[in-house]
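*Asks:* For the sequence shown, the residue numbers in this note's numbering are 41 to 454. Where is the CB? At the ideal position from N, CA and C, for every residue including glycine.
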Amino acid sequence: MRPSRRTLLAATTAAATAAVSLPPAPQASAADHRRRTGFERLAADGYALLDGERVGVVTNPTGVTRDVRHIVDVMHADDRVNLVAVFGPEHGFRGTAQAGGSEGRYDDPATGLPVYDTYQKSGRPLADIFTASGVDTLVFDIQDVGARFYTYIWTLYDCMEAAQLAGKRFVVLDRPNPVTGRSAQGPVLHREFATFVGRQPISQAHGMTVAELARLFNEEFLTTPVALDTVPMSGWRRSEFYDASGLPWVPPSPNMPTPDTALVYAGTCLFEGTNLSEGRGSTRPFELLGAEGIDRRWAEKAGELGLPGVHFREAYFTPTFSKFQGKTVGGVQIHVDDRAAYDPVRTGIALLVTAKQVWSGFAWRSDNWIDKLTGSARVRTMIDAGADTDEVVAGWQDELAAFRRVRREYLLYR
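(1) For E232, count the other beta carbons within 10 Å of its own beta carbon; 16 or more makes it buried, fewer makes it exposed. Which is it?
(2) Just reading off the alpha helix (DSSP H) that F170 is part of, what are its end residues?
(3) Quick check: what's the CA-CA separation for G343 versus H351?
(4) When DSSP builds the beta bridges, which residues end up paired with N456?
(5) Should Y337 and V398 be called a contact, given that it needs their Cβ atoms to be closer than 8 Å?
(6) May I ask which residues mark the beginning and end of the alpha helix (DSSP H) holding E80?
(7) Going by CA-CA distance only, name the one from Q373, R278, L287, W276 that's closest to T323.
(8) Out of V432, H116, H131, point me to the one whose CA is closest to V124's CA.
(9) For Q225, report the span of its beta strand (DSSP E) as first-last.
(10) With DSSP run on the structure shown, which of helix, strand or coil describes P154?
(11) My assumption, with CB atoms under 8 Å, is that I334 sits in contact with G366. Please give the rounded CB distance.
(12) How about T195 and P129: are their beta carbons less than 8 Å apart?
(13) For G144, I'd like the list of residues in its chain whose CB is within less than 7 Å of its CB, leaving aside the five on either flank, ordered along the chain.
(14) Run through DSSP, which three-state label would E259 get?
(15) Go to I193, then tell me how far its alpha helix (DSSP H) extends in each direction, as first and last residue.
(16) The beta strand (DSSP E) that contains D269, what's its start and end?
(17) For P227 versus V419, is the C-beta distance shorter than 8 Å?
(18) Once the 5 residues before and after P272 are set aside, which same chain residues still bring their CB inside 6 Å of it?
(19) Can you tell which of L328, L413, G86 has the C-alpha that lies nearest to the C-alpha of A355?
(20) Going along the chain, which unbroken runs of the alpha helix (DSSP H) with 4 or more residues stay wholly within the stretch 342-413?
(21) Give me, in chain order, the residues of the same chain whose beta-carbon lies closer than 6 Å to that of Y382; leave out the 5 immediate sequence neighbours on both sides.
(22) Assuming S223 and G186 make a contact with CB atoms under 8 Å, what is their CB distance in whole Å?
(23) Where does the unbroken alpha helix (DSSP H) through F326 begin, and where does it stop?
(24) Pull up the distance between the alpha-carbon of P165 and that of W276, whole angstroms please.
(25) Would Q204 be called buried (16 or more neighbouring beta carbons within 10 Å of its own) or exposed?
(26) Which whole runs of the alpha helix (DSSP H) in the stretch 279-322 are 4 residues long or more, in chain order?
(27) Hey, would you say S317 sits closer than 8 Å to S362, going by beta carbons?
(28) Do you know offhand how far S44's Cα is from V446's?
(29) Once you ignore the five residues that flank D428 on each side, which residues in its own chain have a CB closer than 8 Å to its CB?
(30) Measuring CB atoms only, is the stretch 169-177 touching the stretch 238-245, in the sense that at least three cross pairs come out at less than 8 Å?
(31) With burial defined as no fewer than 16 other Cβ atoms inside 10 Å of the residue's Cβ, what is the status of A249: buried or exposed?
(32) From V385 to G92, what distance separates their C-alpha atoms?
(33) Kindly list the residues whose CB is nearer than 7 Å to the CB of E332, restricted to its own chain and excluding five residues on each side of it in sequence; keep chain order.
(34) For A88 and H230, I'd like the C-alpha separation in whole angstroms.
(35) From L310, G319, D438, Q437, pick the residue whose C-alpha is nearest to that of R405; which is it?
(36) CB-CB under 7 Å to A137, same chain, minus the five flanking residues each way: which ones, in chain order?
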């Protein structure tokens, strides 16, 4: 990673770049640890940040208050906000679409607001949608899960870039990283492998919140910064998992049903790049992995590695859709027993290595999708060459260290 292009100009450009209009609140004491989301702080301030603006919201079903009212419904009913449009990402604003789908353009039955589709749109075409909607300010509020290949952070990036092209202001309302913000882990994307599951060179598990990512995107990756405001949370600590937040969990996508799913996802989503099932169509997606012909030997082999914080159980399941639909497959279930010690990316690599060792049918997807997920061809080629887990993980440490140095500049919380 290179240093910020604008570090030396920060003093003269701060007003036009990543301004933080509501600064991080002081960290709460043990006696008064009240956690508030970005939206809660925005509302508590009487929506002053949006005063006089025609507002559009980029969101999905996760944009809810702690009593599970959607923020679009709340803001639409409040005379202090001039809400004129909604923008839905993959899976849609109300969440009716499966993976790889969206809801299209429609009028929301609950509010009458026009809903525009952002999925697979970027650059000038997306900017034209923002212009046609008549908004002055875009507000982003979507729950992320902490992995580079989860597409909502790239919806954030694309919307920031398009807002800049359209001359719109951009406001990011922050929410917790459900798997903590302790550190970044895993390989860093190489630019030649950029897709919608990774637009820019960040690590596989980024350890950041969406507001922190927005600040990093604006300074490090956007050619011209957008007029950005972020509304941080109060009371959140980087070491906290989602259950400490007191917030309800709304599945950000159909195959992310619980915070436990998010905990393993940054590693086991790599199985999307193989011919094994990643558990889609089961009740425990990304925690159950398997294929026809796999038996107890995989769980035994993985267990011999002694990976911290996790055990592997021999498991059998029958996916109701996706790979091996309607067929009984064998494999493993991941049981995390120490979240603080668990490393999802190392675990994911170890499971790829051991699956290839014990199952002769192991294969990568023919389009080498694994390279898009890991950010380069290195993981695939090293595993094919017989590298073990430690050797594969060692291969990305230098680039990860460089990303961590850049990441540190944009963190908002301790």
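*Replies:* So, from the data block:
(1) Within the sequence shown, numbered from 1, the residue matching residue 232 stands at position 192. Counting Cβ neighbours within 10 Å, E232 comes out exposed, since fewer than 16 surround it.
(2) Position 130 of the sequence shown holds residue 170. It spans 163-173 - the alpha helix (DSSP H) in which F170 sits, taken as one unbroken run.
(3) As a first step, residue 343 must be located in the sequence shown, where it is residue number 303. As a first step, residue 351 must be located in the sequence shown, where it is residue number 311. Computed Cα separation, rounded: 6 Å.
(4) No answer is possible for residue 456: the residues shown for the chain start at 41 and end at 454.
(5) Position 297 of the sequence shown, counted from the first residue, corresponds to residue 337. Position 358 of the sequence shown, counted from the first residue, corresponds to residue 398. Correcting the residue identity first, residue 337 is Arg in this sequence and not Tyr. Cβ atoms of R337 and V398: closer than 8 Å.
(6) To locate residue 80, count along the sequence shown from 1; it is residue 40. Residues 78-84.
(7) The sequence position of residue 323 within the sequence shown is 283, counting from 1. Ranking the options by Cα distance to T323, first place goes to Q373.
(8) In the sequence shown, residue 124 corresponds to position 84, counting from 1. It is H116.
(9) Locating residue 225 in the sequence shown gives position 185, where the first residue counts as 1. Note, Q225: beta strand (DSSP E), 225-228.
(10) Your numbering for residue 154 matches position 114 in the sequence shown. It is a strand residue.
(11) Along the sequence shown, one-based indexing puts residue 334 at 294. Along the sequence shown, one-based indexing puts residue 366 at 326. No, I334 and G366 are not in contact; Cβ-Cβ is about 17 Å, not under 8 Å.
(12) Position 155 of the sequence shown holds residue 195. Position 89 of the sequence shown holds residue 129. Yes, they are a contact pair.
(13) Walking along the sequence shown from the start, residue 144 turns up at place 104. Cβ neighbours of G144 beyond the five flanking positions: D157.
(14) As a working mapping, residue 259 is identified with position 219 in the sequence shown. If DSSP states are grouped into helix, strand and coil, E259 belongs with the helices.
(15) The residue labelled residue 193 in the question sits at position 153 within the sequence shown. 192-206 is the extent of the alpha helix (DSSP H) around I193.
(16) Start at 1 with the first residue of the sequence shown, and residue 269 comes out as number 229. From DSSP, the beta strand (DSSP E) with D269 extends over 267-271.
(17) Here residue 227 is taken as the residue at index 187 of the sequence shown, counted from 1. Here residue 419 is taken as the residue at index 379 of the sequence shown, counted from 1. Taking 8 Å as the Cβ cut-off, P227 and V419 qualify as a contacting pair.
(18) Walking along the sequence shown from the start, residue 272 turns up at place 232. Answer for P272: P64, D214, A251, L452, listed in chain order.
(19) If you number the sequence shown from 1, residue 355 lands on position 315. When only C-alpha atoms are compared, the closest one is L328.
(20) 384-398
(21) In the sequence shown, residue 382 corresponds to position 342, counting from 1. If we look at Y382 and ignore the five residues flanking it on each side, its Cβ neighbours are G349, V350, V376.
(22) Here residue 223 corresponds to residue number 183 of the sequence shown, with the count starting at 1. Here residue 186 corresponds to residue number 146 of the sequence shown, with the count starting at 1. That belief does not hold up - the Cβ atoms of S223 and G186 are roughly 11 Å apart, past 8 Å.
(23) Position 286 of the sequence shown, counting from 1, holds the residue named residue 326. No alpha helix (DSSP H) contains F326, which DSSP labels as neither H nor E.
(24) Locating residue 165 in the sequence shown gives position 125, counting from the first residue. Locating residue 276 in the sequence shown gives position 236, counting from the first residue. For P165 and W276, the distance between alpha carbons rounds to 36 Å.
(25) Residue mapping note: residue 204 aligns to position 164 of the sequence shown, counting from 1. Its Cβ being crowded by 16 or more others within 10 Å, Q204 is buried.
(26) 299-308
(27) Here residue 317 is taken as the residue at index 277 of the sequence shown, counted from 1. Here residue 362 is taken as the residue at index 322 of the sequence shown, counted from 1. Yes, these two residues count as a Cβ contact at 8 Å.
(28) Here residue 44 corresponds to residue number 4 of the sequence shown, with the count starting at 1. Here residue 446 corresponds to residue number 406 of the sequence shown, with the count starting at 1. Reliability fails at S44, whose pLDDT of 49 lies under 50, so the model's placement of it is uncertain and no value is given.
(29) In the sequence shown, residue 428 corresponds to position 388, counting from 1. Excluding positions up to five away in sequence, the list reads V393.
(30) no
(31) Against the sequence shown, residue 249 aligns to sequence position 209. The residue you asked about is not Ala; residue 249 is Thr in the sequence shown. Under this definition T249 is a buried residue.
(32) In the sequence shown, the residue the question calls residue 385 occupies position 345. In the sequence shown, the residue the question calls residue 92 occupies position 52. Taking the straight line joining both Cα atoms gives about 45 Å.
(33) Counted from its first residue, the sequence shown places residue 332 at position 292. Excluding sequence neighbours, E332 sits near F364, K367, V369.
(34) Along the sequence shown, read from residue 1 onward, the residue named residue 88 stands at position 48. Along the sequence shown, read from residue 1 onward, the residue named residue 230 stands at position 190. Roughly 40 Å between the two C-alpha positions.
(35) As a first step, residue 405 is located in the sequence shown; it is residue number 365 there, counting from the start. Selected option, being the one with the closest Cα: L310.
(36) For the purposes of this step, residue 137 is identified with residue 97 of the sequence shown, where counting begins at 1. So the list reads H131, E143, once near-sequence residues are dropped.
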